[in-house]
Amino acid sequence: MAEGELRPMLNVAILGHSHDGKTTLAEALLFAAGAIPRLGNTDQGTATLDYEPEEQHRHISIQVGVATLPWEGRRITLLDTPGFQDFEGEVLGALAVADAAVVTASAAAGQVSVGTEAAWSHLTRRHLPRLLVMTKLDKEHADFGATLSALQGRLSPRVVALEVPIGQEHDFVGAVDLLSGRALHFDDRGGHQEQALPAELEAEVAGRRQELVEAICESDDALLEQYLDGQEPSPEALLEALRRATLEARIAPLLVAAPARALGARRILEVLASCLCRDEEPPSAGPPQLLVFKTVADPFGKVSYFRVMEGSLRADAHLANPRDGQEERIARPLRPKGKTLEPVDELRAGEIGAATKLVHTGTGDTLGSKGCAQLPTIQFPPTSYTMAIRPRSKGDEDKIHQGLLHLVEEDPTLRLEQDPDTKETLLHGLGDVHLDVALERLRRKYQVEAVLATPQVPYRESIRGSARQQHRYKKQSGGAGLYGDCTLEIEPVPRGEGFVFEDRIVGGAIPQPFRLSVEKGVRQALEQGVLAGFPVADVKVRLVDGSTHPVDGKDIAFQLAGAMALREAVEQAGPYLLEPVMDVEVVVPQDHMGDVIGHLNARRARIGGMAPAEDGLETVAAQVPLAEMYRFPIELRATTQGKGRYSMTFSHYEEVPAPVAQPIVEAHRAAMHSKEMAAS
């Protein structure tokens, strides 16, 4: 059968913990199917799906890798996802277009890793069918029994072994198919040959087979009745029932493998085809409708990856984006194979494809005929880690900004913001590695270097009491001079009311234009701050008196008089520092609650309450100063092994405690002194 005629189709997302062998497994499957000529290696940077330089030198996946393989008349597309938590957005993009999933679990770990649990939760929420592959059976400390028990205990009792390994660690050579009873000897081409069942495995095989048969029969009323009557169903009936239960996500079969040597790869492909491929297919007739799940941008353009949800896509297709009505043209459909994009004549419903030069379309968008409905958008996780980003060299600001806009376009979990208070450029993401990788891509793709720094806290200043201050600005230098004189009264107003200016001049002590000059000077001084260089907030200023000069009275003189009078009045009115306080909600496993509350208390938090959440988790609500939160995401991940999450929103401003405020004020004064010394 020609490759273009391959039917049906299966899009499989490969998920799991970082370094559990997802990309290596994808490589082994491609190799066993003949889609690639040799087995690549992630450590050597030769894997088909880890081709970005940032992936190769870190030895982790940071984006979805896409490749298609032919298998027994079917087209199977692999969506290799990152296991590192910072790149969760890539996982969610892949799941939006996947029909099923393979979840990896390392036998060498002997336990369920955080990434495996996270993958399972994603699949459960979406009710996606799944297959588990226990990897690294050939590694030191590999333990099939302990790992299987951990998976059944932490994930679901519906995890059932479909085979038992023949040997473990360096002795791993194959597996026993529990349904057929065949003992399979794996080879380094991904294939297998039948051999005699080792006598030492007979008892374990019998016990595991009974567990498998019972699990299958419990999923089918007719088979269960037959089984309870003492009759074991035929292998064909068991296989068909297993297939139905797997597709309905009521059973998760488990296979064993050593992907780095391609051991067990063909067997996995056989089970994918027999248990996860559906008979029915999306309709290929009619106009195409596409869902874009991934975007790759560079200075020369961008590539959009999509699934054809229905219809067929051919060359020179003109499609509309229902989000904004913009039209896009797809000159030629492309089929991804790692970093290679192969032109094809047609992509039919269910297939994964790519297109270049889509100007108005981003990740999560729908493309279809004019007037088509928008498909449900992909829900990406909110950003949880923020750093300020600055150019390493002066003059690179615009170049960095343009490069970051491209990075944000291809990664919906990156967000760029200009802080209105500090004027800093802030880069938001899902973690420190996420932002570090963004900087590496910025340097590689756009030839510009940036550095990350802890963001400045948008402190405010305010006053406790009232004050009255007059200032006369007078300067003469032979010719026309400068003269401005004003008297101000200041007092605090309730928190949140900001700045109030009142003109209480009676008569013509100050002409109207110069009163506006005084107000302008006051506003400038408030913005520059008095105590520590931060804007002064929640203050009322009254202009009550002043004088002018018929010749020397000037706009700039009254601005300066107003600014100086304001500064002197604030110094008399008991200035103090305010800081932003955030409403924080942290969700963690119950056994980590004590540690997390301890970390929050160390950050000057006020604990508001605790409540149970889903899946055995606990929620703690607190109010925490923003200054204490910038490193919290890293600490939370380390404390909870990646199982905790948090969100925060602005609540209010409140006074900074004196021991905390003092070094902030002193640092500002030292900086001002240095500036004055440099200018003199």
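Numbering-wise (the numbering used here), the sequence shown opens with residue 1000 and increments by one.
Cβ coordinates follow ideal geometry from the N, Cα and C atoms, glycine included.
Reduced DSSP category for R1389 - H, G, I as helix; E, B as strand; rest coil: strand
7 angstroms Cβ shell around R1265 - same chain, five flanking residues per side excluded: A1031, G1189, G1190, H1191
Neighbour flag for S1650 against chain C, beta carbons, 8 angstroms: Among the protein chains of the structure shown there is no chain C, as only one such chain exists.
Proximity of A1012 and A1097 at Cβ, strictly below 8 angstroms: yes
For F1086, the three-state DSSP class (helix, strand or coil): helix
Minimum length 3: unbroken beta strand (DSSP E) runs contained in the region 1056–1129: 1064–1070, 1073–1079, 1099–1105
For N1600, the first and last residue of its enclosing beta strand (DSSP E): First-last for N1600: 1592–1600, but that is the alpha helix (DSSP H), not the beta strand (DSSP E).
Pairwise C-alpha distance: G1367 and P1454: 42 angstroms
Option nearest L1374 by Cα separation, candidates P1381, D1364, S1546: D1364
Separation of T1362 from A1095, as counted between CA atoms: 11 angstroms
Whether R1061 touches T1047 by CB criterion (8 angstroms): Note on identity: in this sequence residue 1061 is Ile, with Arg being the wrong assignment. No, the Cβ-Cβ distance between I1061 and T1047 is not below 8 angstroms.
Beta strand (DSSP E) runs contained entirely in the region 1249–1309, provided each spans 3 or more residues: 1251–1255, 1288–1297, 1300–1309
For P1332 and G1092, the rounded distance between their alpha carbons: 20 angstroms
N-terminal and C-terminal residue of the beta strand (DSSP E) that C1216 is part of: Counting along the chain, C1216 falls outside any beta strand (DSSP E), though it belongs to the alpha helix (DSSP H) covering 1201–1217.
Beta-carbon proximity list for R1503, same chain, < 7 angstroms, skipping 5 on both sides: R1541, L1542, V1543
Terminal residues of the alpha helix (DSSP H) in which Y1458 lies: Unbroken run through Y1458: none, as it is neither H nor E.
Exposed unless 16 or more other CB atoms sit within 10 angstroms - verdict on L1599: buried
C-beta atoms of S1303 and P1234 nearer than 8 angstroms: no
Three-state class that DSSP yields for E1139 in the structure shown: coil
Environment of G1561 [buried if 16+ CB atoms lie within 10 Å]: buried
Inter-stretch contact at 8 angstroms, needing at least 3 Cβ pairs: the region 1638–1657 / the region 1563–1578: yes
Between the CA atoms of E1247 and G1229 - distance to the nearest angstrom: 27 angstroms
Nearest to L1312 (by Cα), restricted to the options I1267, V1132, A1353: A1353
Contained alpha helix (DSSP H) runs [length at least 4] in the region 1512–1556, N- to C-terminal order: none
E1634 to I1267 span [Cα, whole Å]: 39 angstroms
Assumed close pair E1309, N1320 - CB separation to whole angstroms, cut-off 8 angstroms: Contact doesn't hold; Cβ gap of about 16 angstroms is too wide.
C-alpha distance - G1015 paired with I1250, whole-angstrom precision: 18 angstroms
The region 1334–1342 in contact with the region 1063–1072 per 3-pair CB rule at 8 angstroms: yes
Sequence-distant residues of its chain with Cβ nearer than 8 angstroms to S1273 (five each side left out): L1238, R1242
Closest residue to I1462 among V1407, H1405, V1535 (Cα-Cα distance): V1535
Outcome for E1499 when other beta-carbon atoms lying within 10 angstroms are tallied against a minimum of 16: Correcting the residue type first, residue 1499 is Val in the shown sequence and not Glu. V1499 is exposed by the Cβ-count criterion.
Short Cβ contact (8 angstroms threshold) for R1391 with A1479: no
contact_flag[the region 1106–1125, the region 1015–1030] where n(CB pairs < 8 angstroms) is 3 or more: yes
Three-state secondary structure assigned by DSSP to L1635: helix
Touch test, the region 1479–1496 against the region 1565–1572, Cβ-Cβ under 8 angstroms, three pairs minimum: yes
Sub-8 angstroms separation of E1680 and L1147 beta-carbons: Since the first and last residues shown for the chain are 1000 and 1679, residue 1680 lies out of range.
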